[in-house]
Amino acid sequence: KQEVTQIPAALSVPEGENLVLNCSFTDSAIYNLQWFRQDPGKGLTSLLLIQSSQREQTSGRLNASLDKSSGRSTLYIAASQPGDSATYLCAVPAGGGATNKLIFGTGTLLAVQP
Amino acid sequence: GAVVSQHPSWVICKSGTSVKIECRSLDFQATTMFWYRQFPKQSLMLMATSNEGSKATYEQGVEKDKFLINHASLTLSTLTVTSAHPEDSSFYICSAASNEQFFGPGTRLTVL
Numbered sequence: 091k092q093e094v095t096q097i098p099a100a101l102s103v104p105e106g107e108n109l110v111l112n113c114s115f116t117d118s119a120i121y122n123l124q125w126f127r128q129d130p131g132k133g134l135t136s137l138l139l140i141q142s143s144q145r146e147q148t149s150g151r152l153n154a155s156l157d158k159s160s161g162r163s164t165l166y167i168a169a170s171q172p173g174d175s176a177t178y179l180c181a182v183p184a185g186g187g188a189t190n191k192l193i194f195g196t197g198t199l200l201a202v203q204p
Numbered sequence: 003g004a005v006v007s008q009h010p011s012w013v014i015c016k017s018g019t020s021v022k023i024e025c026r027s028l029d030f031q032a033t034t035m036f037w038y039r040q041f042p043k044q045s046l047m048l049m050a051t052s053n054e055g056s057k058a059t060y061e062q063g064v065e066k067d068k069f070l071i072n073h074a075s076l077t078l079s080t081l082t083v084t085s086a087h088p089e090d091s092s093f094y095i096c097s098a099a100s101n102e103q104f105f106g107p108g109t110r111l112t113v114l
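Each protein sequence line maps, in turn, to chains A and B. Converting from the first sequence to the numbering used here requires adding 90 to each position, the first position being numbered 1. Converting from the second sequence to the numbering used here requires adding 2 to each position, the first position being numbered 1.
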């Protein structure tokens with residue numbers, strides 16, 4: 091059974107710092123891995139999706155890496171801003187396809203202090 | 003990009019009443035939709051997989067007679083919480099799948 095965990099559970103940093111969020115999964119046979127952002131009381135915003143054949147994906151100040159063999163993904167946020175404050179979730183499909191149900195990590199609550 | 007809507011965005015109801023939540027894919031067809039539930043300060047947990055034209059598949063521990071799911075068309079799935087109780091108060095989020103999953107904005111249910 092696939093399990094997804096994220097560390098740290100919470101993180102507080104001053105504005106401008108670079109930071110790394112971690113995601114671990116127990117079954118390395120994943121189809122892809124996705125990072126989401128969730129603001130309080132809101133739905134999910136997809137940030138980056140990494141296919142199993144890829145090593146990383148970049149979007150603006152965000153960079154996500156994937157190491158299937160070790161069951162890890164990291165989300166790197168450069169030059170953090172107060173607007174980056176949110177909960178960050180990683181998720182992998184439960185089965186072998188892209189449209190299978192997603193198993194979510196436990197989330198990292200990020201606070202960027204101005 | 004693909005857009006998924008949910009209605010209502012929030013609802014408050016009395017204990018014992020039923021509440022229907024709609025999930026629509028606005029610009030694409032989705033043969034599969036998923037319903038997730040999120041309790042405060044917790045991650046999303048899948049409740050059920052909704053397949054157009056067939057019965058939903060429920061996750062272990064989710065009561066199918068309490069959480070009725072109907073997926074009548076390729077763009078609409080509904081979740082009905084029957085005889086709601088305060089412990090059903092939660093944030094319900096749906097997603098619709100094409101080549102990847104797209105999430106709705108969520109529905110905040112509060113049962114008094």
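Positions of the beta carbon are idealized from the N, C-alpha and C atoms, including for glycine. Only a predicted model underlies this, so the values are computations on that prediction, with no experimental measurement involved.
| query | Rounded to the nearest angstrom, how far is the Cβ of P172 of chain A from that of P204 of chain A, given a contact under 8 Å? | reply | On the first sequence, residue 172 of chain A is found 82 positions in, with the first residue counted as 1. On the first sequence, residue 204 of chain A is found 114 positions in, with the first residue counted as 1. That belief holds up - the Cβ atoms of P172 of chain A and P204 of chain A are roughly 5 Å apart, short of 8 Å.
| query | Could one say the Cβ of L70 of chain B lies closer than 7 Å to chain A's Cβ atoms, at least one of them? | reply | Within the second sequence, the letter at position 68 stands for residue 70 of chain B. Not an interface residue.
| query | In chain order, what residues of the same chain lie with their CB nearer than 6 Å to the CB of K66 of chain B, ignoring the 5 residues before and after it? | reply | The sequence position of residue 66 of chain B within the second sequence is 64, counting from 1. Around K66 of chain B: Y60.
| message | Using a Cβ-Cβ cutoff of 9 Å, what residues of the region 123-145 of chain A are near chain B? List them in chain order. | response | Q124, F126, Q128, G131, K132, G133, L134, T135, S136, L139
| task | Specify the secondary structure class of D174 of chain A as computed by DSSP and reduced to three states. | result | Counted from its first residue, the first sequence places residue 174 of chain A at position 84. If DSSP states are grouped into helix, strand and coil, D174 of chain A belongs with the helices.
| said: Three or more C-beta pairs under 8 Å: does that hold for the region 117-124 of chain A against the region 5-20 of chain B? | reply: no
| said: Across the region 18-28 of chain B and the region 38-47 of chain B, are there enough close Cβ pairs to call them in contact, namely three or more that are closer than 8 Å? | reply: no
| H87 of chain B - containing beta strand (DSSP E), residue span | Position 85 of the second sequence, counted from the start, is the residue given in the question as residue 87 of chain B. Note, H87 of chain B: premise wrong, no beta strand (DSSP E); not H, not E.
| Can you check whether the CB of L81 of chain B is closer than 7 Å to the CB of I71 of chain B? | In the second sequence, counting from the first residue as 1, residue 71 of chain B sits at position 69. In the second sequence, counting from the first residue as 1, residue 81 of chain B sits at position 79. The answer is yes: Cβ separation under 7 Å.
| field | Cross-strand partners of N72 of chain B (DSSP beta bridge) | value | On the second sequence, position 70 is the one that residue 72 of chain B refers to. In DSSP, N72 of chain B forms a bridge with B:T80.
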